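Accompanying notes for the structure given below.
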Amino acid sequence: MRTNEKPFDLRSFLEDLEAADPDGILRIPEPVGIDFDVTAVAMELENRGRAPVILFEKVGDSPFPVVANLFGDRRRYAQALGVEDSDLIETWGGLGDRTIDPVVRETGPILDTVITGDGLDLAALPILNHFAEDGGPYVTNGIVVARDPDTGVRNASYHRLQVMGRTRFGTSLHSRRHLWNYAQRAARRGEAIPVSIVIGHHPLFAFGSGLWKGPMDADEYAVAGGFMGRALELVAGVTVPVEAPAFAEFVIEGHIVPGEEADEGPFAEFTGYASARSTRHVIEVSAILHRKDAIYQDIVPGISDEHTGLLAVPMEARLLKVLRQNYPNVTGVAMPKSGTCRMHVYIAMKDPAPGQAKNAAATALGEDLSLKLAVVVDDDVDIASDRDVMWALCTRMQADADVDILKNCMGAILDPSNHDGLTAKMIIDATKPAGDFPPRHTIPEAAAARARELVAKYST
Ligand SMILES: Cc1cc2nc3c(=O)[nH]c(=O)nc-3n(C[C@H](O)[C@H](O)[C@H](O)COP(=O)(O)O)c2cc1C
Numbered sequence: 049m050r051t052n053e054k055p056f057d058l059r060s061f062l063e064d065l066e067a068a069d070p071d072g073i074l075r076i077p078e079p080v081g082i083d084f085d086v087t088a089v090a091m092e093l094e095n096r097g098r099a100p101v102i103l104f105e106k107v108g109d110s111p112f113p114v115v116a117n118l119f120g121d122r123r124r125y126a127q128a129l130g131v132e133d134s135d136l137i138e139t140w141g142g143l144g145d146r147t148i149d150p151v152v153r154e155t156g157p158i159l160d161t162v163i164t165g166d167g168l169d170l171a172a173l174p175i176l177n178h179f180a181e182d183g184g185p186y187v188t189n190g191i192v193v194a195r196d197p198d199t200g201v202r203n204a205s206y207h208r209l210q211v212m213g214r215t216r217f218g219t220s221l222h223s224r225r226h227l228w229n230y231a232q233r234a235a236r237r238g239e240a241i242p243v244s245i246v247i248g249h250h251p252l253f254a255f256g257s258g259l260w261k262g263p264m265d266a267d268e269y270a271v272a273g274g275f276m277g278r279a280l281e282l283v284a285g286v287t288v289p290v291e292a293p294a295f296a297e298f299v300i301e302g303h304i305v306p307g308e309e310a311d312e313g314p315f316a317e318f319t320g321y322a323s324a325r326s327t328r329h330v331i332e333v334s335a336i337l338h339r340k341d342a343i344y345q346d347i348v349p350g351i352s353d354e355h356t357g358l359l360a361v362p363m364e365a366r367l368l369k370v371l372r373q374n375y376p377n378v379t380g381v382a383m384p385k386s387g388t389c390r391m392h393v394y395i396a397m398k399d400p401a402p403g404q405a406k407n408a409a410a411t412a413l414g415e416d417l418s419l420k421l422a423v424v425v426d427d428d429v430d431i432a433s434d435r436d437v438m439w440a441l442c443t444r445m446q447a448d449a450d451v452d453i454l455k456n457c458m459g460a461i462l463d464p465s466n467h468d469g470l471t472a473k474m475i476i477d478a479t480k481p482a483g484d485f486p487p488r489h490t491i492p493e494a495a496a497a498r499a500r501e502l503v504a505k506y507s508t
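Quick note: the sequence shown uses this note's numbering, first residue 49, plus one each step.
Laid out in structure tokens, this is it:
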């Protein structure tokens, strides 16, 4: 954990990152367009196996620089938390239990510039067009903070936000979690939901707010404080009764309008498809707040390493924690990119008792509606490797006994293969059958060490 007293914000994280690893940030000084260029550069780097933070100094006509791909590499998640890369998932799992109440200050840098009334125009921000099929420019890094219409508890969640006019967003609450529930309850009473949309903050803020999935009565500004290890500093909202983080780069205030719908989408989703499926909600904007010299942060959408990593890391942590409550012999959980980091999970177990692998798989499938395949393997299988998991399927699984299918479960609406929101969920037990089973072949450690020496010496 950090101990110095620098504010936790996006710019301090970028400074720390550059100090620790000057190659961790790729600066592009040349002007780029607002349409597609940022995504194209990020995807080009990804295709070359590189994942720096990318800082575009000049994007379109905007005075604001654009940072993208901050979450494109898991090592940066560990760096934000101040832990070793190998401890990321276990550390994350323990952090949501700790809360620290936020403090409200009189003023803060987010109030450097406040735009309301006739001056409002979302075109003032470098909101990007990302993929050819998208319905328009999207805020991809907007953490929408709202209060429960009955209890007032604050929830925070990422939602795609399509610019549909100077003061209007179309959005989709397709994960059907807390904000969706708020919107359903408020709409029944004809009430609007005030929101504060946070764009650009320290990664720990994102981890504890937009990415955290907890019970409905948890205040997610307090959970963010728990992740940060200190109270989140807030200022009162300007046009809404929802506070804004004092050290955010941008905050957009507005209301989810009851009874109104928009043709939101299509949008490049984590599934790898341009998705037109949307809950069609509308947000009417009432204020834009930003810091002096604000940095606009974009998340590369689609099936990029950045978007899918943001889905995988919190869910791996959550599943590991939930599974271990009943099965302490679960040694690891991985959400593979081949399953969009969202719909498939690999679970490793040490010496599972008969039937235990299927119980663990069923627990995982029930924990998140998006999951549709759970594969359980022994702990000698590398769950970070699709190839090793497929080898376990090939050599340890018989489909007639080891595969089970749950039909007509609630599934991810973004999965283009589902049936009106319903999905089948599959369990594969690819652990070794009980009784005699051949051992995996290995190389003695002394020979492996000697081989490393020889290869280092003679191989170029
Ligand atoms: C980059 C990113 C974009 C997301 N976009 C959406 C979205 O457009 N709609 C949605 O319903 N969920 C979206 N999600 C998922 C929710 O933000 C996520 O499930 C969140 O944890 C829900 O919070 P809650 O459980 O507190 O309601 C997105 C997640 C990420 C990481």
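Virtual Cβ for every residue (Gly too), placed ideally from N, Cα, C. As the structure is a computational prediction, the values presented were derived from the model and not from experiment.
Coil, strand or helix - residue i by DSSP
i: Ser386; result: helix
i: Gly380; result: strand
i: Thr51; result: Its pLDDT being 47, under 50, Thr51 is placed unreliably in this model, and the coordinates cannot settle the point.
i: Gln232; result: helix
i: Gln373; result: helix
i: Gln210; result: strand
i: Leu62; result: helix
i: Leu368; result: helix
i: Gly414; result: helix
i: Glu94; result: helix
i: Gln345; result: strand
i: Asp353; result: helix
Buried or exposed by the 16-neighbour rule on C-beta atoms within 10 Å, applied to residue i
i: Leu470; result: exposed
i: Thr51; result: Caution applies to Thr51, whose pLDDT of 47 falls short of 50 and renders its modelled position unreliable; the model cannot decide the point.
i: Tyr506; result: exposed
i: Leu118; result: buried
i: Asn203; result: buried
i: His489; result: exposed
i: Cys389; result: buried
i: Phe315; result: buried
i: Phe217; result: buried
i: Arg146; result: exposed
i: Thr87; result: buried
i: Phe485; result: exposed
i: Gln210; result: buried
i: Lys340; result: exposed
i: Asp121; result: buried
i: His207; result: buried
i: Gln446; result: exposed
i: Thr199; result: exposed
i: Met49; result: Confidence at Met49 is low in this model, with a pLDDT of 43, below 50, so its placement is unreliable and the value that follows should be read with caution. By the 10 Å Cβ count, Met49 comes out exposed.
i: Arg153; result: exposed
Rounded distance between the beta-carbons of residue j and residue i, thought under 8 Å
i: Leu168; j: Arg237; result: About 27 Å; that fails the 8 Å criterion.
i: Gly248; j: Glu291; result: 17 Å between Cβ atoms; not a contact.
i: Leu259; j: Ala128; result: Not confirmed; about 12 Å, so no contact.
i: Val201; j: Asp265; result: 6 Å
i: Ser386; j: Asp434; result: 5 Å
i: Thr508; j: Leu337; result: Wrong, their Cβ atoms sit about 56 Å apart, outside the cutoff.
Three CB pairs or more closer than 8 Å across the segment 477-497 and the segment 445-454: yes
Check whether the segment 86-103 and the segment 329-338 are in contact - that is, three or more C-beta pairs closer than 8 Å. no
Is the segment 369-387 touching the segment 411-424, taking contact as three or more C-beta pairs under 8 Å? yes
So, do the segment 65-83 and the segment 102-110 have three or more beta carbon pairs nearer to each other than 8 Å? yes
Between the segment 226-244 and the segment 191-209, do at least 3 Cβ pairs fall closer than 8 Å? yes
Is there contact between the segment 279-289 and the segment 318-331, where contact requires at least three CB pairs shorter than 8 Å? no
For the 8 Å Cβ check, are there 3 or more pairs between the segment 300-318 and the segment 176-184? yes
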